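Undergrad: Residue numbers (our numbering), protein chains in the order written: chain A, 176 to 661; chain B, 59 to 220; chain C, 1186 to 1285.
C-beta: ideal position from N, C-alpha, C; glycine also.
Only a predicted model underlies this, so the values are computations on that prediction, with no experimental measurement involved.
My structure is below; once you've seen it, I'll send some questions.
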Amino acid sequence: MDGTDLLQGTAALVPHLTVITTGLVILVLDLFLTSRSRYMNEVVGLIGLVLAFALALGQAGDPRLLFSEMAIADNLAVFFHALFVLIAILTLLMSASYIRRENIVAGEYYALVLFATSGFMFVASAADLVTLFIAIETLSISTYILAGLHQDEQRSQEAAFKYFILGAFSSAILLYGIATVYGAQGHTSLVKLAEALGENDIPTMLIVGMGLIIVGLGFKVAVVPFHMWVPDVYDGAPTAITAFMSAGPKAAAFAAFLRVFFQGFASPALAQNWIPIFVVLAALTMILGNVVAITQESIKRMLAYSSIAHAGYAFVALVTLDQLGAASVLYYLVAYALMSLGAFGVLTTVAKRGERHYTFGDYAGLSSTNPLLAALMALFMFALAGFPPTSGFAGKFYIFSAAVQKGHYVLALIGVLTSVISVVYYARVVMMMYMREPDLSSSGPYVSATTGTLLGVTAAGTLFLGVFPGSVLRLAEYSVNLLFAS
Amino acid sequence: MEAFLFWIFAIVGVFCGGMVVWHRNPMGSAIYLVVTMLCLSGFYALLNGALVSVIQVLIYAGAVMVLMLFVIMMLNVQAASEEREGSLPVWIGAGVVGLVVLVKFALLLQYGKPPEAAEEFGTIQGVGAALFSTYVLPFELISVLLVVAVIGAVILTKRRAL
Amino acid sequence: MIPISYYLMVSAILFIIGAIGVLLRRNALIVLMSLELMLNAVNLSFVAYARLLNDMGGHVFVFLSITVAAAEAAVGLAIILAIYRAKQTIDVDHLSLMRY
């Protein structure tokens, strides 16, 4: 590691460093702000994130390994960085009025969101299991704390505790998997793993390690049967954080899966071991997520189970191990992030202080009280259900096409059937809004300027991605073609 | 000599590990965990891990466990009235499942005796050289993790001024 | 010279014991300590593999793993403290404000 390597590596990591620095600046700045100037936190955060977005896009180019092969800078990383920074920007917009209403500490909140985002970015840049593990721990611990930040609400602290215990448990399993792979291979580098496994002689311990890694990462992405924490944690956490958790850590976990399984364990001899497991996991997740969502009375918990189901859909694309599959995962992650942030954004406006008004009944007659809001919510519900011309439809179409192309007909069929089932609970919200009388005793939803911006951006994105999916899909394909170059 | 030490550490370590999970109150569990960590430190020394052996005692047993003991005493949990939860059949079932997993794992393990260790293996120089050259990125990354942990520890326990 | 497999077996035994503790015990502090036991067991595996492969990477990973475990312990204890202040209990089963 000489001077030029260090400089080149640091230059490539400038987007990550920008996000971290913004977080630190907010931490310090918050000490000097009064309650009237507290909005400076958000301003500084947004400036930093926009800068990071621009810097991330500037990293596009040939893949280069950095820091003694600990990190990689390639187009896949650029795509993910852009997505993560976008998620952070949208979360900041959603949080601005939300945390003021719910009396949550502002400076530390934004700093933790930014540090979690930097964790996401390092996951996407990881070329070695060491970097991957540290990045996953950074984002996990940030999120445990964020889930518990709503100190007036007991459910928030319970959510943080449940999330912490199961998260730390899965981290330990992941770490054991990494240790086993290290022992079987002699190194922890994902790049070397990809190169070395041309031959057909797979040490059994490598399979064991791989299995443990699947369990560990499976918790993070919340596939069945590792999904138990999602309903309670998503329900108890502050809604803006639930939105963040449904989009960010999920996308980061999928980035981890892509790096480890599409780049590391990608050889055919290994793949025939993990692809069947992925098929079963995807099927179970799609079925359970959708079926249980029907029974929920709280819209927040319904969206939690819906989030499990959507992770299942994205997981289907992982069994394909080809370019279309990887590109469709990327597309779906963007589409889902926009839909989910939009839907949760509407939740924050309809709910009142003290985390009330999260039942379906609270949406009754929204079409007459606030027609624009109702229309946006309907759009998000249809998008999540997968109706054209929304991004939800395009995303599912690409994923199921990729699966069918590789012969996974049953999986695609399960996907389509469960999507049809999901219409039941998404349509319930729409019916409530348009076919019931509103409760005129309570005041209507309050949409602040920042939340309005958020809703506008996510709705526009959902429609744009649905009507013109090719642009993002082509970007995604371009990002992943280097994974399959050789 | 090494075999003797190994078996001492192994038997004491596994016994104390079991007692961590089995003991009724957290204070006793914490003490057992400290003894387990000291046995692990002995293992690291046997495996030529001079630096990690010392770090285990200083940081893990010395700082992390002391922190935990502080919190245990601060919470002032009633010791004697604690009952071990979970009926006996559940524990036996879990034990059997664990045993089956361990036996299957043992059949897979076939690593034999290691070769001669290099001169600077496991010493401060060896670990330091690796930490600051090859592994410098994860090393710097962990500073972010530590900032996050400090923020969390402070903010979650702050008493709200209402 | 003890075969490395013996060390790995001890590591696996401690890991399983810790996992049983996390899943079965109800006292939040003991669950946290079982988690620490699991992480310690993995560290032993790392050091054993490092000796087998004559590679310093395992020791470096143990360094980082101890740091991560310390950070997790700090945050976990903070969460437990916050819950205790609110509810005067650290019994995991009592955390049931949120039903299925």
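1. Is the CB of L287(A) under 8 Å away from at least one CB in chain B?
2. For P196(B), which residues in chain C fall below 9 Å Cβ to Cβ?
3. Does the beta carbon of G323(A) sit closer than 8 Å to a beta carbon anywhere in chain B?
4. Less than 8 Å separating the beta-carbons of A539(A) and M607(A)?
5. What are the complete beta strand (DSSP E) segments, minimum 3 residues, inside the stretch 567-592 of chain A?
6. Just how far apart, CA to CA, sit M1218(C) and V78(B)?
7. Is K1272(C) helix, strand or coil by DSSP?
8. I309(A) and I200(B) - do their beta-carbons sit closer together than 8 Å?
9. With respect to the alpha helix (DSSP H) encompassing L433(A), which residues constitute its N-terminal and C-terminal limits?
10. Per DSSP, which one or two residues make a beta bridge with I316(A)?
11. Please report how far the alpha carbon of V595(A) lies from the alpha carbon of M477(A), in whole angstroms.
12. Nearest to V521(A) by alpha carbon, out of A359(A), A248(A), S270(A) and T193(A)?
13. What is the DSSP secondary structure of L1282(C), counted as helix, strand or coil?
14. Mark S139(B) as exposed unless 16 or more other C-beta atoms lie within 10 angstroms of its C-beta, in which case mark it buried.
15. Between the Cα of L630(A) and those of G570(A), R211(A), L267(A) and F255(A), spot the shortest distance and give me the residue it belongs to.
16. Buried or exposed: where does A635(A) fall if 16 or more other Cβ atoms within 10 Å of its Cβ makes it buried?
17. Where does L133(B) land, buried or exposed, given buried means 16+ other C-beta within 10 angstroms?
18. Out of D497(A), G282(A) and A484(A), state which residue places its alpha-carbon closest to the alpha-carbon of D443(A).
19. Taking the runs of the alpha helix (DSSP H) that are 4 residues or longer, which of them lie wholly in the stretch 513-549 of chain A?
20. Given a limit of 7 Å on CB to CB distance, which residues of the stretch 342-358 of chain A reach chain C?
21. Using a Cβ-Cβ cut-off of less than 7 Å, list which residues of the stretch 114-137 of chain B approach chain A; keep chain order.
22. Under the three-state reduction of DSSP, which class applies to L167(B): helix, strand or coil?
23. Could you name the residues of the same chain whose beta carbon sits closer than 8 Å to that of S1138(C), not counting the 5 residues immediately before and after it, in chain order?
24. May I ask you to list the residues that DSSP assigns as paired with L240(A)?
25. So with Cβ pairs under 8 Å, would you call G210(B) a contact of chain A?
26. Considering only C-alpha positions, which residue in the set S543(A), L547(A), K581(A) and M514(A) is nearest to S566(A)?
27. For the putative contact between N216(A) and G323(A), defined by C-beta atoms under 8 Å, what is the C-beta separation to the nearest angstrom?
28. Could you check the C-alpha separation between T523(A) and A492(A) for me, to the nearest Å?
29. State buried or exposed for P413(A), treating a residue as buried only when at least 16 other CB atoms are found within 10 Å of its CB.
30. Cβ of V185(B) less than 8 Å from any chain A Cβ?
31. Considering only residues of the same chain and omitting the five flanking positions on each side of L130(B), which have a CB-CB separation below 8 Å?
32. In whole angstroms, what is the alpha-carbon distance linking I377(A) and R434(A)?
33. Determine which residues share a DSSP beta bridge with S364(A) and list them.
34. Quick one: which residues of the stretch 72-91 of chain B get their C-beta closer than 7 Å to a C-beta of chain C? List them in chain order.
35. Across which residues does DSSP place S473(A) in a beta bridge pair?
36. Compare the beta carbon distance of E1221(C) and L127(B) with 8 Å and say whether it is the shorter of the two.
TA: Let me spell this out:
1. Taking the first residue of the first sequence as position 1, residue 287(A) is located at position 112. For L287(A), the answer is yes, since a Cβ of chain B falls inside 8 Å of its Cβ.
2. Walking along the second sequence from the start, residue 196(B) turns up at place 138. Here the neighbours are V1245, F1246 and L1249.
3. The residue labelled residue 323(A) in the question sits at position 148 within the first sequence. Yes, G323(A) counts as interfacial toward chain B.
4. Along the first sequence, read from residue 1 onward, the residue named residue 539(A) stands at position 364. Along the first sequence, read from residue 1 onward, the residue named residue 607(A) stands at position 432. Yes; because the gap between Cβ atoms is below 8 Å, this pair is in contact.
5. none
6. In the third sequence, residue 1218(C) corresponds to position 33, counting from 1. In the second sequence, residue 78(B) corresponds to position 20, counting from 1. Their backbone Cα atoms lie some 8 Å apart in a straight line.
7. Numbered from 1 along the third sequence, position 87 holds the residue referred to as residue 1272(C). Three-state DSSP puts K1272(C) in a helix.
8. If you number the second sequence from 1, residue 200(B) lands on position 142. If you number the first sequence from 1, residue 309(A) lands on position 134. In this structure, I309(A) lies closer than 8 Å to I200(B) by Cβ.
9. Here the question's residue 433(A) lines up with position 258 in the first sequence. Unbroken run through L433(A): none, as it is neither H nor E.
10. By 1-based counting over the first sequence, the position of residue 316(A) is 141. According to DSSP, I316(A) bridges with nothing at all.
11. Along the first sequence, one-based indexing puts residue 595(A) at 420. Along the first sequence, one-based indexing puts residue 477(A) at 302. Between V595(A) and M477(A), the C-alpha separation is close to 16 Å.
12. One-based indexing of the first sequence puts residue 521(A) at position 346. Among A359(A), A248(A), S270(A) and T193(A), the Cα nearest to that of V521(A) belongs to S270(A).
13. Along the third sequence, one-based indexing puts residue 1282(C) at 97. The pLDDT assigned to L1282(C) is 46, lower than 50, so where the model puts this residue is not dependable; a value taken from the coordinates is nonetheless given after this. DSSP places L1282(C) in coil when its eight states are reduced to three.
14. Here residue 139(B) is taken as the residue at index 81 of the second sequence, counted from 1. Unreliable placement is indicated for S139(B), whose pLDDT of 49 sits below 50; no coordinate value is reported for it.
15. Numbered from 1 along the first sequence, position 455 holds the residue referred to as residue 630(A). The option with the nearest alpha carbon to L630(A) is L267(A).
16. For the purposes of this step, residue 635(A) is taken as the residue at position 460 of the first sequence. It is exposed - the Cβ of A635(A) has fewer than 16 other Cβ atoms within 10 Å.
17. As a first step, residue 133(B) is located in the second sequence; it is residue number 75 there, counting from the start. Buried, since its Cβ has 16 or more Cβ neighbours within 10 Å.
18. As a first step, residue 443(A) must be located in the first sequence, where it is residue number 268. First, the amino acid is wrong: residue 443(A) is Pro here, not Asp. It is D497(A) whose Cα lies nearest to the Cα of P443(A).
19. 541-544
20. A343, F344, A347, L350, Y351, A354, Y357 and G358
21. none
22. Locating residue 167(B) in the second sequence gives position 109, counting from the first residue. Correct three-state label for L167(B): coil.
23. A query on residue 1138(C) cannot be resolved here, the shown segment of chain C reaching from 1186 to 1285 and no further.
24. As a working mapping, residue 240(A) is identified with position 65 in the first sequence. DSSP output for L240(A) lists I247(A) as bridge partner(s).
25. On the second sequence, position 152 is the one that residue 210(B) refers to. With 8 Å as the cut-off, G210(B) counts as an interface residue toward chain A.
26. Indexing the first sequence from 1 puts residue 566(A) at position 391. When each option's Cα is compared against that of S566(A), the closest is M514(A).
27. Within the first sequence, residue 216(A) is the residue found at index 41, counting from 1. Within the first sequence, residue 323(A) is the residue found at index 148, counting from 1. The Cβ separation is near 20 Å, so there is no contact.
28. As a working mapping, residue 523(A) is identified with position 348 in the first sequence. As a working mapping, residue 492(A) is identified with position 317 in the first sequence. Each residue's Cα considered, the two are about 31 Å apart.
29. If you number the first sequence from 1, residue 413(A) lands on position 238. P413(A) should be labelled buried.
30. As a first step, residue 185(B) is located in the second sequence; it is residue number 127 there, counting from the start. No, because no Cβ of chain A sits closer than 8 Å to the Cβ of V185(B).
31. As a first step, residue 130(B) must be located in the second sequence, where it is residue number 72. Per the sequence shown, residue 130(B) should be read as Ile rather than Leu. Closer than 8 Å at Cβ, skipping near neighbours: P84, M85 and A88.
32. Mapped onto the first sequence, residue 377(A) falls at position 202. Mapped onto the first sequence, residue 434(A) falls at position 259. If I take the Cα positions, the gap works out to 20 Å.
33. The residue given as residue 364(A) occupies position 189 in the first sequence. S364(A) pairs with D303(A).
34. V72, G75, G76, V78, V79, P84, S87, A88 and L91
35. As a first step, residue 473(A) must be located in the first sequence, where it is residue number 298. Per DSSP, T534(A).
36. Residue mapping note: residue 1221(C) aligns to position 36 of the third sequence, counting from 1. Residue mapping note: residue 127(B) aligns to position 69 of the second sequence, counting from 1. Contact: no.
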